[in-house]
Amino acid sequence: MVKKLLLYIILLYFPIASATEITPPKITTISIATQIQKSVFYKNGSIHFVGFKGFGIIEVYSIIGNKITEISSNDLNGFILPYPLELGNMYIIRILSDRDVITFKIVAS
């Protein structure tokens, strides 16, 4: 009996929870940044550029650093540069765009 009385007194002094105000839910916005894969490859006598945007300058170097050619393009997206490279050799492709400079190594095969 004492336990019930003690429980009654404890519950009597605790405030009763009541919903007096409706609060809107908190919304979290998540933005996902995606990075476009950029690639350069040599196929059928042409150098192919994938994933680039906008104006750019393309420089082709031999593996020892001799500049072979330089060309500019108004749109690098899907650009194909027909240029005969010696098969089996490695080349350095340097792309200068308005945003950055990217360097690739390719093997002409």
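Here the sequence shown is numbered in this note's numbering, starting from 1377 and rising by one per residue. Ideal Cβ positions, reconstructed from N, Cα and C, are used throughout, including at glycine. As the structure is a computational prediction, the values presented were derived from the model and not from experiment.
Whole-number beta carbon distance between residue j and residue i, since they are thought to touch under 8 Å
i: Ile1469; j: Phe1428; result: Not a contact, Cβ separation roughly 11 Å.
i: Ser1485; j: Tyr1418; result: 7 Å
i: Tyr1467; j: Ile1439; result: 7 Å
i: Leu1452; j: Ile1423; result: Leu1452 to Ile1423, Cβ: 11 Å. No contact.
Distance cut-off 7 Å: residue i Cβ against heavy atoms of the ligand FMN
i: Ser1473; result: This structure lacks the ligand FMN; in fact it carries no ligand of any kind.
Under 8 Å between C-beta atoms of residue i and residue j
i: Ser1449; j: Phe1455; result: yes
i: Glu1446; j: Glu1435; result: yes
i: Val1426; j: Phe1480; result: no
i: Lys1414; j: Ile1478; result: yes
Start-to-end residues for the beta strand (DSSP E) that takes in residue i
i: Glu1435; result: Gly1432 to Ser1438
i: Pro1458; result: Ile1456 to Pro1458
i: Leu1472; result: Met1466 to Ser1473
i: Thr1445; result: Lys1443 to Ser1449
i: Ile1423; result: Ser1422 to Val1426
i: Ser1415; result: Ser1415 to Lys1419
i: Lys1478; result: Residue 1478 is actually Ile in this sequence, not Lys. It spans Val1477 to Val1483 - the beta strand (DSSP E) in which Ile1478 sits, taken as one unbroken run.
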